[in-house]
Amino acid sequence: MEAAVKEYTYKDFASDQEVRWCPGCDDYVILRSMQKALPEMGVKKEDVVFISGIGCSSRFPYYMDTYGMHSIHGRAPAIATGLKLTNPDLSVWVITGDGDSMAIGGNHFIHVLRRNIDLNIVLFNNEIYGLTKGQFSPTSLVGQKTKSSPYGNTQPPFSAGELALGAHARFFGRISGNTPKEMTQIFIDAEKFKGTSLIEVLQNCPIFNDGAYSKFNDKAVREDRMLFVEHDKPMIFGKERNKGLVLNGLKLEVVTIGENGVTETDILVHDAKEQDPTLHQMLVRMEYPMVTGIIRAFDDVTLEEREDALTAQVKSDSNFKKTDDLFFSGDIYNVF
Amino acid sequence: MIATTEKKKQKVIDAVIIRFVGDSGDGMQLTGTQFSDTSAMFGNDVATFPNYPAEIRAPQGSLYGVSGFQVHIGSVEINTPGDDVDLLVAMNPAGLKTNLHALKPGHTVIVDTDSFTKKNLEKALYESNPLEDGSLENYRVIEVAMTSLTKEALKDVEGLDNKTITRSKNMFALGMVYWMYGRSREYTTEFFNKKFKKKPEVIEANTKVLNAGFYFAETLELIPNAYTIAPAKMAPGTYRIIMGNQATAWGFLAAAEKSGLELFLGSYPITPASNILHELVKHKHFGVKTLQAEDEIAGISSAIGASFAGDLAITTTSGPGLALKAEALGLAMMIELPLVIVDVQRGGPSTGLPTKTEQSDLLQAMYGRNGESPIIVIAASTPSNCFEYAYEAAKLTIEHMTPVLLLTDGYIANGSAPWKIKSVASMPEIKNNIIKEAEEDWHPYNRDKDTLARNWAVPGVPGLEHRVGGLEKDRVSGNVSYVPENHEYMTKIRAEKVKRVQNYIPDVVPEFTEEGDLLVVGWGGTYGSLHSAVKELNEEGYNNIGFAHFNYINPLPKNTSEVFSKYKKIIVCELNSGQFVKVLKINCSEFNFLQFNKIQGLPFANNELVEKFKSLV
C-alpha cells in the first residue's frame, strides 16, 4: 500500500540556506511559487529532486529542502534523464536559464524534449547572462547593449517556445515572472502532465536587463498586452475582456468584440491538447499580445513507458534470470 | 577425419599463426572466428585479432578495403595474436599486397587465383601479376581457383543466386585450412544450421563448399603436410571465447548482480568502445538500463544522474570522448558519487587513428580535469581479464565513493581469447554505502573512517533530503562553503580517499624472477606481448629478467618501490612516448627508468622487445 502523502506547507520545502539573489529579482517569486505549489502536487517531499545547471537560476536547489544537485553548465537535462530512468517514481525538476539551456546546453535541451521523459523544466528567461555579469544571451534582442555588445547585439535571438515546439515539446507553458498565482498553478499542472513539461518564466533581471518585459507585463498594461490562455476557453484578453484572436488566412489577428460584427463566438477557442502544433507555434511567436499560460499540453507516450514496456517484453521472452545463465550459455566447452 | 594414407605426413607443431585476408565483403571475420572457435572447442589456447578498415564499405578490391582476421592457436600458452604469420589466406590481390610482409619467409600463402584478374590487379596497384612474375618465390604458394571450384560445388543446389554462390567461397578456404590443421567441421556446420535456420538452401550451400574445400585440400598434392596441434594444458573448468569489450560489459553485469544494484549505461557511439553499448543493450532481462545519449557529455551526465538515484552507473568512450567528459567527471569526483568511466583507448591525438591501438590516454585519465581532482585509475591487460577489471572498477567505485576510470585499448577490446567462466558466486563481495533510513546526526558528508567514503543517500528516503553540487562544500553538511581552510581540508581529503585505496588493492607481483638485472615494466593491454617476450628470454636462459605488469595506476600498489629496488635496471614499455613512466617518476622518484616506446598504432612485436631486453643484460 502506498502511504498517504503528508500534508505539507510551503515552509516544509524551504531549506536553511540564506537566499542570495539580488533584491527585487523575480527569482524570489519563482522560488516562493514553487514552495507553494509543491504541497498541492500530491508528491512526497522525499521524492522531489531539483537538478540545475549553472547561472543565477541554478542556485535554486540550494534553497529547496528536497533532494537536489547543482551540476555543471547546461547538463541538467541529461543528469535528470538518468535520474528519472533510474527511479521513475521521483518528481524531477530541471532548473535552468536562457544561457544554460539554449547556449551551452542547447543540445541537451532539444533532446530531452524530443524524448519526452516525464520531468519538468523551469526555464528562467531574463534575456541576459546574470551570474557572469551582463553579457548578451541567446534570447537577447538584436541591438541590445550589454557588456559583450557595447555597440548593440548583432546575433538574432531564439524564442524558447519556438525552439521547444520545433524539438517536439509536448508541454509548453509560459508565465510572467510577476504573476505568482498563475505561476504556482502552472507548476502544479506541469507536474501532473505526463511527459516533459517546459515552463518558460519571463523573469526580470533588475540589475543587468531591468524592464525587459515591462512593456507588456507591468501591472498597468498587463491585461491589455498579455493573453493568458486556458484550454477549451476562447482566447480573450484586455481590461474590458473585449479583445480576442481570430485566424485570418495563415495568421492570427487581434480583433475587438463588438466591432466590425465580431462576436465572442468568432474568437478562437484554445486547444492545448491538439497534436498538430501549428497554432501553438503561432501563439508562441506573437508579440502582441504576449501569450502566457499552457500553450501546449499534448498527451503522448513517455520515454519511460516505452522503456518499461520493452524491458517487460524482453524479460518475459528471456531465459536469463541470473548472469550465470548468460555466462554459461551458448558456445562453452570444458577443460578437464 | 584425415584419411589414413595421409597420416604419415602429419607434423606435430606447438602453435600456428594464421591470417585470413580479403575484401570487406569476403567474410574474413566470420572465417577467422569459425577457425578460432573450433580450435578453442578442440582445446587449444587461442588469441585473435580482427583488423578491418575504418571505411564501412570501401570500394571492392581496393587496398584500403582489405579486411583481415589473425588467429594464433596452440598447445602451449598463447598470450597474443602473434606477429608474423605461418599461413596467409589471401582472397584477392589487395589482400595479398597489404599482408604479404607479415608472412614468414618460406611459409605458405593460399590464394584464390580467380580473383587475380587484370581489374583486381590494377586496383591493388600491381604492375604485373605476382603469381607470375616471380615475386613470391620466397614463399610456398598454393594457387586455388576457389571461385570456380565453389561454383562447381554448388551447380546442383537449387534456389541460389550468383551473389550467394560467390560469397560462400570463404568457406572453401576455411575447409582447406580445417583439413590442414586436422580440425573437425562439426562446429561450423552446426553454426550454419542455427544461423540460416530459415534458409535451408544457404545451409546446404555453405556446408557443401566447406566440405569441398576440405576434400580438395586432402587430395591436393600441393599441400605437403597436415599439422597436428594438441590441446593446450589449461586449468580445468568451463570456458568460452570472449572479446575484450564483451568481457568488460559482462564484468559490469556481474558487479551489478553481486552488489544488488541495477546497472545504468549512458553512452555515445565511438570506435572502438561502441560494442560495450551494443552488448549491454541486449541485457534488459537483467534490468540493465541504457541510454544512447545525444553526445558524450550527456552520456556521462545521465550516468551521474543515475548514480545519484542509486544505480551502478557507467559510461563508455574512447579518447576524444574522454576529453568531452572531463568536466562532468570532475563533478562526479566533487560530489563523491560512484561512477565508472571506461576508456577504450585508440590512437590519438584528436581523431587520431580510430581503429588502431595506443596507450596514450593515460595522462588524460590521470590529470585531464580542472582543479585538483584525483580519481582511481585502473587498466585491464587481456581480453578476458577485462571482465575482472570491469568488476573491480565497479567494486572500487561503490566501496570508495569516487569515480573509477577503467582503461582498456583497441587491441584487447577487439581481441578475443578463452575465458574461464567466473560464476557470480565466486566473485568478491561488494559492499555499498547506501543508507536506508535517516539516523540521528546524519550528514551527507559523513565518512567511513577507514576508506573515507561518504555515505550514499539516494532520493526517496525521508529525512535524507540534501543538496550536492560542483561548488566547494562544507566538510560535514555539504552546504556551499567558501571558507579557505575548509577548501584545503576538502581538497586533501578527496586525495587521501583515493590514496587509501592502496590498502584495498593487491601488491604487484613480478614474474619470472623476484630480483635480477632487468625488470620489464608494463601496464594495461601490452601484457601479452611483454609476458611472451620475457618468457622467451627466460626459456633461452636469461633468468635474470623479471616482469612487473601494472593494472592499478592510481593509486599504485603499495609495494611498487620495493619491487623496483630488487633490480639493477628498470625498463618501462608503453605504446606512447612515455606516460606511465612519468607517473612512476612522480611516485618512485628514487629510481632511474629506461624506456621503450612505440607510437605506430600497433602492438609491440615480439622480436623488437626481445632484442631490446637482450641488449640491456
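Chains A and B, in that order, are what the protein sequence lines are.
For the first sequence, the residue numbers in this note's numbering are 41 to 376.
For the second sequence, the residue numbers in this note's numbering are 2 to 618.
Glycine included, each C-beta is placed from N, C-alpha and C at the ideal position.
Which residues in chain A sit within 8 Å of B:S185, going by Cβ to Cβ distance? By Cβ distance, chain A contributes nothing, its closest Cβ being about 13 Å from B:S185, past 8 Å.
Considering B:D410, what are the terminal residues of the beta strand (DSSP E) in which it resides? Segment 405 to 410, the beta strand (DSSP E) holding B:D410.
Proximity test, Cβ basis, 8 Å: A:H310 and chain B: By this cut-off, A:H310 is not an interface position.
For B:G479, which residues of its own chain have a beta-carbon under 8 Å away from its beta-carbon, when the five flanking residues on both sides are left out? H444, P445, Y446, H467, R468, V469
Flag B:E258 as yes if its beta-carbon sits less than 8 Å from any beta-carbon of chain A, otherwise no. yes
Going by DSSP, name the residue or residues bridged to B:Q71. B:R20, B:F50
From A:L78 to A:A54, what does the alpha carbon distance come to, in whole angstroms? 11 Å
If you drop the 5 nearest sequence neighbours on each side, which residues of the same chain put their C-beta closer than 7 Å to that of B:K602? In the sequence as displayed, the identity of residue 602 of chain B is Gly instead of Lys. Within the same chain, Cβ atoms closer than 7 Å to the Cβ of B:G602 are found at G348, L354, K357, T358, E359, the five residues on either side in sequence being excluded.
When you compare only the Cα positions, how much space is there between B:S76 and B:T239? 18 Å
CA-to-CA distance, B:D344 to B:T409, given in whole angstroms: 6 Å
Assign A:Y107 to one of three DSSP states: helix, strand, or coil. strand
At a Cβ threshold of 8 Å, is B:P237 touching chain A? yes
Leaving out five residues on either side along the sequence, give the residues of the same chain with a beta carbon under 8 Å from the beta carbon of A:L181. In chain order, E167, N193, P197 place their CB closer than 8 Å to the CB of A:L181, counting only its own chain and leaving out the 5 sequence neighbours on each side.
Against chain A, does B:P636 count as a neighbour if the rule is that its beta carbon must be under 8 Å from one of theirs? The question about residue 636 of chain B has no answer, for chain B in this structure spans 2 to 618.
Span of the beta strand (DSSP E) holding B:A91? 86 to 91
8 Å is my cut-off, CB to CB: does B:H467 come that close to chain A? yes
Per-residue burial, B:S1 [other beta carbons within 10 Å of its own, 16 or more giving buried]: This structure leaves residue 1 of chain B out entirely; chain B is present only between 2 and 618.
Classify A:E263 as helix, strand or coil using the three-state DSSP reduction. helix
Can you name the residues that DSSP bridges to B:T239? A:N374
With a threshold of 8 Å between beta carbons, is A:D364 in contact with chain B? yes
Strand pairing of A:G213, partner residues [DSSP]: A:I239, A:I334
Shorter than 8 Å from the beta carbon of B:A606 to some beta carbon of chain A? no
How about A:K85: is its C-beta nearer than 8 Å to some C-beta of chain B? yes
What are the residues in the segment 97 to 128 of chain A lying within 7 Å of chain B by C-beta distance? P101, Y102, D105, T106, Y107, G108, M109, H110, S111, I112, R115, A118, I119, A120, T121, G122, L123, L125, T126, N127
Closest to A:D87 by C-alpha separation, out of A:N282, A:V132, A:F233, would be which residue? Considering only alpha carbons, the answer is A:V132.
Find the residues of chain B that neighbour A:F368, judging by a C-beta separation of less than 9 Å, and give them in chain order. T239, R241, I422, S424
Assuming B:F215 and B:Y179 are in contact, meaning their beta carbons sit under 8 Å apart, how far apart are those beta carbons, in whole angstroms? B:F215 to B:Y179, Cβ: 6 Å. Contact.
Could you run through the segment 138 to 160 of chain A and flag, in chain order, every residue whose CB is less than 7 Å away from some CB of chain B? N147, H148, H151
Distance, B:G547 Cα to B:A227 Cα: 38 Å
Could you work out which residues of chain B lie near A:Y373, taking near to mean beta carbons separated by less than 8 Å? A41, M42, G44, T239, Y240, R241
Option in B:Y53, B:P82, B:D38 with minimal Cα separation from B:V648: With chain B covering 2 to 618 only, the question about residue 648 of chain B has no answer from this structure.
For B:N598: DSSP bridge partner residues: DSSP lists B:E575 as partners of B:N598.
Closest to B:S260 by CA distance: which of B:V90, B:M428, B:L576, B:P485 is it? B:M428
Measure the alpha-carbon distance for B:K9 versus B:L264 and round it to whole angstroms. Caution is warranted here: a pLDDT of 43 is assigned to B:K9, below 50, making its placement in the model unreliable, and the coordinate value is therefore given only provisionally. Those two C-alpha atoms are separated by around 56 Å.
When the cut-off is 8 Å and only beta carbons count, does A:S358 lie next to chain B? For A:S358, the nearest beta carbon of chain B is closer than 8 Å to its own beta carbon.
State the start and end residues of the unbroken beta strand (DSSP E) segment that holds B:A227. Where B:A227 is concerned, the enclosing beta strand (DSSP E) stretches over 227 to 229.
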